[in-house]
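Residue numbers (the numbering used here): 5 to 391. C-beta: ideal position from N, C-alpha, C; glycine also. These numbers come from a predicted model, not from an experiment. Input: a single structure, listed below in structure tokens.
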């Protein structure tokens, strides 16, 4: 993607907690690490030299263990806490230097925030809770109630406008919190461990709801999580933090296939990689087994048990055993071995049975029908054992 597709960018952000941040920044410039700084000064380096961008219309997950800096990071985005150094741009506009009045305007119009705590007003109805931010912003009652009602409908709570928080389940209360964030139609939605307090089934339901909303509205969402299952399910890309540093950013497949270090690897231990990887992540193209079909039929290769037939445009035509190919050259038209192609975007989990059952490596095609490679039993076992 081009830079114009970036909605939020972070450049060399540091956050130091303590009364002498300038002194700590000088120590950092001289090469001191956060442990040495804490030991010598008592200051905590919450975020260390973070630089990355969030793309418009994606769910960007920031995850890490407790103390990694992920929640600090999301609070820097809307300046609930101030960065010690560095810059943050939203829609090309630097927000780190904004006045309090301008910042308040950005928070009201461009950012929505959903916390782990529902933070609903118990004495207010559901509709009033959702409209509360609009009321603070000075929106007229009729308009704010209309927008609040629309937001409630988006999260599946139409009909509950006049209920009170204590009458709702935990999942429904979190939907109210989400609707409140959506009511002002924010440019970017910030969610800090928003579902971690929910029961597993409700949590799964809310993840699905969030994915549905993002797909329908193409919203940009930054989601903080410590749960790899959650991150992989909802995230288009994941940033993994360790000790205040962003150590790696990538798609779930990229992180799983090429972890930057052992810390990143630990998140995937015990995780069923076949749920994340696609057939295209595993397939390999061996030109030795390709057999281009021309007007005279297939041209078999000696010593190759199975040939993958392709036409002049690399379109997949079928699979043929060497014996069948030689026989058909003498007898006439080509009859292909029964083929079971899968596609590059097919989840690896859906390929397992096919690979196990067929006597030849499974052909993998792109959606135009071109052969992109094959998956053998050995390839599959090596991939799964490696992860």
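Check, Outcome
"Let me know the secondary structure DSSP gives residue 10 once reduced to three states.", "strand"
"Which one or two residues does DSSP pair with residue 196 in a beta bridge?", "228"
"How close, in whole Å, do the beta carbons of residue 238 and residue 227 come, if the pair is a contact with beta carbons under 8 Å?", "6 Å"
"Would you say residue 323 and residue 312 are within 7 Å of each other, going by their C-beta atoms?", "yes"
"Determine the contact status of residue 159 and residue 183, defining contact as a CB-CB distance below 7 Å.", "yes"
"Skipping 5 residues on each side, what residues in its chain have a beta carbon closer than 8 Å to that of residue 321?", "297, 313, 314, 315 and 340"
"Which residue comes first and which comes last in the alpha helix (DSSP H) that contains residue 293?", "First-last for residue 293: undefined, no H or E at that position."
"Residue ranges of each beta strand (DSSP E) run of no fewer than 3 residues wholly in the region 55 to 143, ordered along the chain?", "63 to 68, 89 to 94 and 115 to 118"
"How close, in whole Å, do the beta carbons of residue 19 and residue 85 come, if the pair is a contact with beta carbons under 8 Å?", "7 Å"
"Check whether the Cβ atoms of residue 379 and residue 287 sit closer than 7 Å, and answer yes or no.", "yes"
"Please report the distance separating the alpha-carbon of residue 117 from that of residue 194.", "5 Å"
"Where does residue 196 land, buried or exposed, given buried means 16+ other C-beta within 10 angstroms?", "buried"
"Report buried or exposed for residue 173, applying the criterion of at least 16 other Cβ atoms within 10 angstroms of its Cβ.", "exposed"
"Flag this pair as touching only if the region 40 to 48 and the region 24 to 31 have three or more C-beta atom pairs under 8 Å; answer yes or no.", "yes"
"If we count Cβ pairs, one from each stretch, closer than 8 Å, do we get three or more for the region 259 to 274 versus the region 88 to 106?", "no"
"Express the C-alpha separation of residue 149 and residue 161 in angstroms, rounding to a whole number.", "14 Å"
"In three-state terms, what does DSSP make of residue 312?", "strand"
"Short of 7 Å in beta carbon distance, which residues of its chain neighbour residue 4, apart from the five on each side in sequence? Order them along the chain.", "The question about residue 4 has no answer here: the residues shown for the chain are numbered 5 through 391."
"Quick one: Cα of residue 170 to Cα of residue 186, how far?", "22 Å"
"Residue 58 and residue 11: beta carbons closer than 7 Å?", "yes"
"Please classify residue 125 as buried or exposed, where buried requires at least 16 neighbouring CB atoms within 10 angstroms.", "exposed"
"Kindly indicate the opening and closing residues of the beta strand (DSSP E) around residue 256.", "Taken as a continuous stretch (DSSP letters only), residue 256 belongs to no beta strand (DSSP E), being part of the alpha helix (DSSP H) at 256 to 261."
"Beta-carbon within less than 6 Å of residue 377's beta-carbon, same chain only, minus the 5 sequence neighbours each way: which residues are those?", "287, 288, 289 and 368"
"Where does residue 53 sit, in a helix, a strand or coil, going by DSSP?", "strand"
"Looking only at its own chain, which residues have a Cβ that is under 8 Å from the Cβ of residue 373, when we skip the five neighbours before and after it?", "319 and 320"
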